[in-house]
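Below is one structure, written out as structure tokens, with a few remarks after it.
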Amino acid sequence: MKFIYSFKSFRANPFSLLQFTICNLQSTICNSLRRSALILFIFTLLSLHGLFIVSCAGEMTTREKEMAILRMYYKEEELFVVTSTKSDKFIDQVPEDMITVSESEIRAINAHTLSDVLYHVPGISLDLRGGPGAATVPSIQGSDMRQVLIVVDGVVLNNLGAFAVNTGSIPVKNIRKIEIIRGPASSVWGSSLGGVINIITKGDWPNKKLEGAVSGSYGEADTTDSYVEATGKAGNMKYYVDYNKLRTNGLTANTPNDADHFYTKLKFDLSDNVDLLFTLGYFNGDTGEGEMVPYDIFFHNWYSRVFSTMGLGVDLWQGARFDLALKEMEQNFENVDFQRSTGTENARNFLKDSNYGVNAKFSLAAGAHQLVTGMDYDHGQLESNAFTEGNTHLLKRWAAFVNDTIRWNDFTFVPGFRYDHADTSGGFMSPSIGLTYQPMARLLLRSTVARGFNIPPLNSTFGTGPWFVPNPSLTMEKIRSYQVGVETILVPYVWLRTGLFRHEISGAITSETLSVDPFQSTVVNKSSQRRQGFEAEAKTVKFYNITLNAGFVFTDVKDLDTKTYLEMTPRHTIDVGAQYSDPLICQATLKGHYILWTPHSLFQGNYDSFIWDLHLSREVYGREWGDVELFLSARNLFNSSQYLIEFWKNPGRWVEGGVRVNF
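Given below as structure tokens:
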């Protein structure tokens, strides 16, 4: 079936999404759902066996004591997470290596895009270029950019061409929380060999008719960031809507950016136990990607992304819920390189990525169990002028998954299983088992063992070029992962977390020069790789209005066939910070970041120093109707250099200031 998306007609009638998707899904996914339903039924029966065996007497008293301690080091929104199993659970029941970033932390650093936030997350590395909105792609524990799954309210943003996401194109002022799994999460999310970045937007559905915020900032290179949001309630409908305009002339050569972001949520309470949720997002950007002076070229791209969901939620009985969501997304990219001296266009490539699908999930909390089971289906279509054998290729995927969280005394067991099938690379089973153990009130041990995979991107399978030959026989990259960790607050007033990870990758996709033509290359499933390392993080409680935090991650990424370290991967990162908060004076946040890269033999980098950022804010007016806050940011305070490739240097010191009004 050929998928055709008309944005013009969709704008005229947004609710046509539901009718359009149902009609197309009916003829396309029937056979796939029959197969996945059979698998899912078997796994559900196995998980339900003995569901009420384990007693949870006295759980509430113990939990209240534990939560009182956790609230000293975690914000309220960080105590419950969904990314581990796609269901709400306490953070101390998560065996994976997980970290969260709250709305208040995002606001404290005056972040513009997701890149600004991820830059200061231990275990995540990215090469910042050009300032706000510049193209960047993240790596988790030394993974490739295509191996990190990025999700916004259940919609996967990874494009089909490269399976990567430009985090510089994702706004953050509408984010309530970011949950990050560092390491493979295929037993829940499918293709996610490196990890998952799950973005949960605002929409707390207040009882007020209207509340919201307005903000604006101005900085060097005519950098402006304007934002407005509103949320409220009207009858049985609750709503959230925001708009963000970000633009700059560029803090380095040929890196201007002009982006618009719009997002809305509508929730309808149809009855006491049935609700309907509709979301719509639109991102559009015009971005310069820097220049290479020795080669007399500079780069520019345009992108647009529109995505929408329609979800139905039903509370079946106490502890039991069923969710069904239809989703649709279209992404368009146009990349152009120009001759720098004359402005003449050298080459232009376009990608049109269309995807629609359905997700079904059943969750049941009973006794000591928290069971989640469901099915996913996705139908993707990619059009490009860089493909062989026609300009359009499809990627159809379906999956069935089941996991459980079983609490018994001081232990939490989290078994999970997922089967994925892609028409381009076949099927894969992703089992995982996780365990947390709390031998005493202030000590928690975590461990996971898992298998995972990553689907080969369509650019590698079908893409072409003057020096590249596609490989249609590529198969999935596979991983075996082992992680252990310790989390403790035994040291007075200090939270500590350490962990070890080891990821063994087989069939890794690597470049290979063709023997018939040394100027051409292709990609093959050839390399065996090992990613292993050590993580340590610490933060203090507030003491004289000051909170300190630090993180260190050592990563060893090696090609086991050639016995060499993989180039352009991080060796270690250091993140340090201090926060001062006094309502009568100001709020101040100081952040420092250092990264040591494994250099590329052809490029020269410079990363011998820390990058320090200082952010200040103060409420200058407060009344019952709202408050007014002024803020100031000075980034790269000491004008330091920290870049991987000499052509794309990081911005020097720059300053911006602004105002926020909450009502």
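Mind the numbering: the sequence shown is residues 5 to 667 in my numbering, read in order. Cβ coordinates follow ideal geometry from the N, Cα and C atoms, glycine included.
### Task
Could you please give the first and the last residue of the uninterrupted alpha helix (DSSP H) stretch that includes Ala390?
As a first step, residue 390 must be located in the sequence shown, where it is residue number 386. Taken as a continuous stretch (DSSP letters only), Ala390 belongs to no alpha helix (DSSP H), as it is neither H nor E.
### Task
To the nearest angstrom, report how far apart Thr48 and Thr377 are at their CA atoms.
Here residue 48 is taken as the residue at index 44 of the sequence shown, counted from 1. Here residue 377 is taken as the residue at index 373 of the sequence shown, counted from 1. A caution first: Thr48 carries a pLDDT of 40, below 50, which makes its placement in the model too unreliable to give a value.
### Query
Looking at the unbroken alpha helix (DSSP H) that takes in Ala112, where does it start and where does it end?
As a first step, residue 112 is located in the sequence shown; it is residue number 108 there, counting from the start. Counting along the chain, the alpha helix (DSSP H) containing Ala112 begins and ends at 107–112.
### Query
With C-beta atoms as the reference, is Val192 less than 8 angstroms away from Arg422?
Locating residue 192 in the sequence shown gives position 188, counting from the first residue. Locating residue 422 in the sequence shown gives position 418, counting from the first residue. Yes, Cβ-Cβ distance for Val192 and Arg422 is below 8 angstroms.
### Continuous beta strand (DSSP E) stretch holding Trp306: start and end
Translated into positions along the sequence shown, residue 306 becomes position 302. That run of the beta strand (DSSP E) goes 301–321.
### Query
Can you tell me whether DSSP reads Ser190 as helix, strand or coil?
Sequence index remark: in the sequence shown, residue 190 carries index 186 (1-based). DSSP, read as helix, strand or coil, puts Ser190 in helix.
### Task
Report yes if the C-beta distance between Glu571 and His604 is below 8 angstroms; otherwise report no.
Counted from its first residue, the sequence shown places residue 571 at position 567. Counted from its first residue, the sequence shown places residue 604 at position 600. Yes, the Cβ-Cβ distance between Glu571 and His604 is below 8 angstroms.
### Query
To the nearest whole angstrom, what separates the beta carbons of Thr283 and Thr235, a pair I think is in contact under 8 angstroms?
As a working mapping, residue 283 is identified with position 279 in the sequence shown. As a working mapping, residue 235 is identified with position 231 in the sequence shown. That belief does not hold up - the Cβ atoms of Thr283 and Thr235 are roughly 13 angstroms apart, past 8 angstroms.
### N-terminal and C-terminal residue of the beta strand (DSSP E) that Val176 is part of
Locating residue 176 in the sequence shown gives position 172, counting from the first residue. Unbroken run through Val176: none, as it is neither H nor E.
### Query
If we ignore side chains and look at the alpha-carbon of each, how far apart do Ser345 and Lys242 end up?
Your numbering for residue 345 matches position 341 in the sequence shown. Your numbering for residue 242 matches position 238 in the sequence shown. If you draw a straight line from the Cα of Ser345 to the Cα of Lys242, it is about 54 angstroms long.
### Query
Over what stretch of residues does the beta strand (DSSP E) that includes Phe466 continue unbroken?
Position 462 of the sequence shown, counted from the first residue, corresponds to residue 466. If you look at Phe466, you'll find it isn't in any beta strand (DSSP E); it sits in the alpha helix (DSSP H) that goes 462–466.
### Query
What residue range is occupied by the uninterrupted beta strand (DSSP E) comprising Val98?
Position 94 of the sequence shown, counted from the start, is the residue given in the question as residue 98. No beta strand (DSSP E) contains Val98, which DSSP labels as neither H nor E.
### Query
In chain order, what residues of the same chain lie with their CB nearer than 8 angstroms to the CB of Thr65, ignoring the 5 residues before and after it?
Looking up residue 65 in the sequence shown gives position 61. Summary for Thr65: the model assigns pLDDT 49, below 50, so the residue's position carries little reliability, and this model does not support an answer.
### Task
To the nearest angstrom, report how far apart Gln374 and Phe415 are at their CA atoms.
Numbered from 1 along the sequence shown, position 370 holds the residue referred to as residue 374. Numbered from 1 along the sequence shown, position 411 holds the residue referred to as residue 415. Taking the straight line from one Cα to the other gives about 14 angstroms.
### Query
For Met102, does the count of other Cβ atoms within 10 angstroms reach 16, so buried, or fall short, so exposed?
Position 98 of the sequence shown, counted from the first residue, corresponds to residue 102. Buried, since its Cβ has 16 or more Cβ neighbours within 10 Å.
### Closest Cα partner of Ile509 within the set Val557, Asp290, Val473, Asp563
Position 505 of the sequence shown, counted from the first residue, corresponds to residue 509. Closest option to Ile509, Cα to Cα, is Asp563.
### Message
Please report the straight-line C-alpha distance between Ile649 and Asp148, rounded to a whole angstrom.
### Response
Stepping through the sequence shown from its first residue, residue 649 is reached at position 645. Stepping through the sequence shown from its first residue, residue 148 is reached at position 144. CA-CA distance, Ile649 to Asp148, rounds to 17 angstroms.
### Host beta strand (DSSP E) of Asp92 (start-end)
Position 88 of the sequence shown, counting from 1, holds the residue named residue 92. Per DSSP, Asp92 belongs to no beta strand (DSSP E) and is neither H nor E.
### Query
To the nearest angstrom, how far is it from the Cα of Tyr569 to the Cα of Leu274?
As a working mapping, residue 569 is identified with position 565 in the sequence shown. As a working mapping, residue 274 is identified with position 270 in the sequence shown. Their backbone Cα atoms lie some 57 angstroms apart in a straight line.
### Asp229: first and last residue of the uninterrupted beta strand (DSSP E) it sits in
In the sequence shown, counting from the first residue as 1, residue 229 sits at position 225. According to the DSSP assignment, Asp229 belongs to the beta strand (DSSP E) that extends over 227–238.
### DSSP bridge partner residues for Gln583 (one or two, in chain order)
As a position in the sequence shown, residue 583 is number 579, starting the count at 1. Its beta-bridge partners are Thr551, Thr593.
### Query
Cβ atoms of Leu118 and Thr171: under 8 angstroms apart, would you say?
Your numbering for residue 171 matches position 167 in the sequence shown. Your numbering for residue 118 matches position 114 in the sequence shown. Yes; because the gap between Cβ atoms is below 8 angstroms, this pair is in contact.
### Task
Mind checking which residues open and close the alpha helix (DSSP H) that includes Val121?
Numbered from its first residue, the sequence shown carries residue 121 at position 117. Unbroken alpha helix (DSSP H) run through Val121: 118–122.
### Arg664, buried or exposed, once every other Cβ within 10 Å from all chains shown has been counted against 16
Residue mapping note: residue 664 aligns to position 660 of the sequence shown, counting from 1. Buried, since its Cβ has 16 or more Cβ neighbours within 10 Å.
### Query
How about Leu161 and Leu386: are their beta carbons less than 8 angstroms apart?
Along the sequence shown, read from residue 1 onward, the residue named residue 161 stands at position 157. Along the sequence shown, read from residue 1 onward, the residue named residue 386 stands at position 382. Cβ distance not < 8 angstroms, so Leu161 and Leu386 don't count as in contact.
### Query
Taking the DSSP output, what are the residues bridged to Phe272?
The sequence position of residue 272 within the sequence shown is 268, counting from 1. For Phe272, which the question treats as bridged, DSSP gives the partners Met241, Leu280.
### Nearest-angstrom beta carbon gap, Leu255 and Ala217 [assumed within contact, 8 angstroms]
Numbered from 1 along the sequence shown, position 213 holds the residue referred to as residue 217. Numbered from 1 along the sequence shown, position 251 holds the residue referred to as residue 255. With a contact defined as Cβ atoms closer than 8 angstroms, Ala217 and Leu255 miss out at about 26 angstroms.
### Message
I'd like to confirm the pairing. Which residues does DSSP put opposite Gly469 in its beta bridges?
### Response
Here residue 469 refers to the residue found at position 465 when the sequence shown is read from its first residue. DSSP lists Phe472 as partners of Gly469.
### Task
Compare the beta carbon distance of Phe505 and Gln533 with 8 angstroms and say whether it is the shorter of the two.
The residue you call residue 505 lines up with position 501 of the sequence shown. The residue you call residue 533 lines up with position 529 of the sequence shown. For Phe505 and Gln533, no; Cβs fall outside 8 angstroms.
### Query
Does the Cβ-Cβ distance between Arg484 and Arg450 come in under 8 angstroms?
Walking along the sequence shown from the start, residue 484 turns up at place 480. Walking along the sequence shown from the start, residue 450 turns up at place 446. 8 angstroms or more divides the Cβ of Arg484 from the Cβ of Arg450.
### Message
Looking at Ser525: is its Cβ nearer than 8 angstroms to the Cβ of Phe472?
### Response
Residue 525 sits at position 521 when you count from the first residue of the sequence shown. Residue 472 sits at position 468 when you count from the first residue of the sequence shown. For the 8 angstroms CB-CB criterion, Ser525 and Phe472 form a contact.
### Task
Go ahead and pull the three-state DSSP assignment for Val527.
In the sequence shown, residue 527 corresponds to position 523, counting from 1. In the structure shown, the three-state DSSP call for Val527 is strand.
### Alpha-carbon to alpha-carbon, Gly194 and Asp424
As a first step, residue 424 must be located in the sequence shown, where it is residue number 420. As a first step, residue 194 must be located in the sequence shown, where it is residue number 190. Using only the alpha carbons, I get a separation of about 7 angstroms.
### Query
Ends of the beta strand (DSSP E) at Gln343?
The residue you call residue 343 lines up with position 339 of the sequence shown. 324–343 is the span of the beta strand (DSSP E), which, as asked, contains Gln343.
### Query
Quick one, are the C-beta atoms of Tyr286 and Asn178 less than 8 angstroms apart?
As a position in the sequence shown, residue 286 is number 282, starting the count at 1. As a position in the sequence shown, residue 178 is number 174, starting the count at 1. No, these two residues do not count as a Cβ contact at 8 angstroms.
### Query
So the beta strand (DSSP E) Gln442 belongs to, where does it begin and stop?
Against the sequence shown, residue 442 aligns to sequence position 438. Per DSSP, Gln442 is one residue of the beta strand (DSSP E) stretching across 430–444.
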